[in-house]
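The block underneath contains the structure these notes are about, expressed in structure tokens.
In the UniProt record's numbering, the protein residues as written are 1 to 166.
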């Protein structure tokens, strides 16, 4: 990930993702890279609208893209998602492993960032709070309403977009 002017540029392989939050709302969220199982491909094929296709795109059974020293078990660097998104001063970028984004709803992430901004948290303090929310949620049982609550590694980085001094 790199900030060039007002453009946040990225390349990633796998199921770690990031979100750009502006004025307390997610304005961009990357999508994890996962190999679709036969069942997920079937759901995707029969989904009637783009919104329904997005809703059914991934399941916890779909293995993520991964890089490995063992070539036969590895996806390729050339498979990376690459892109850019415009950002501005005041935006908050939250990067995290699937332990964050599989367990925390977008609304919960937005609330945690809003709270952190109001309380004047540093990016590190905000990352600690967001990781804590993800950890607490990972220890809760799943329900039909929330298919979250799965123990996993949790890594969170937070960056604030600020005005350049030059």
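Where is the CB? At the ideal position from N, CA and C, for every residue including glycine.
Look at residue 157 here: in three-state DSSP terms it is strand. In this structure, DSSP gives residue 29 an extended state, which the three-state scheme calls strand. For residue 28, same chain residues with a beta-carbon under 6 Å away, outside a window of 5 residues either side, are 20 and 85 in chain order.
Rounded to whole angstroms, the Cβ separation of residue 100 and residue 156 is 5 Å, and the two are in contact under 8 Å.
Here residue 101 carries a helix assignment [DSSP, helix/strand/coil]. The beta carbons of residue 16 and residue 96 sit closer together than 8 Å. Per DSSP, residue 113 is one residue of the alpha helix (DSSP H) stretching across 106-118. In this structure, the CA atom of residue 7 is about 14 Å from the CA atom of residue 90. Judged by their CB atoms, residue 30 and residue 81 are nearer to each other than the 8 Å cut-off. Secondary structure note for residue 96: its beta strand (DSSP E) is the uninterrupted segment 92-96. Out of 115, 127, 79 and 26, the CA that lies nearest to the CA of residue 159 is found in 127.
Our two residues, residue 163 and residue 115, have alpha carbons roughly 22 Å apart in a direct line. Membership of residue 137 in the alpha helix (DSSP H) is indicated by the continuous run 123-138. With a beta-carbon spacing of about 23 Å, residue 14 and residue 113 fall beyond the 8 Å limit used to define contacts. Closest in alpha carbon position to residue 125, among 153, 103 and 94, is 94.
The continuous beta strand (DSSP E) containing residue 11 extends over residues 7-12.
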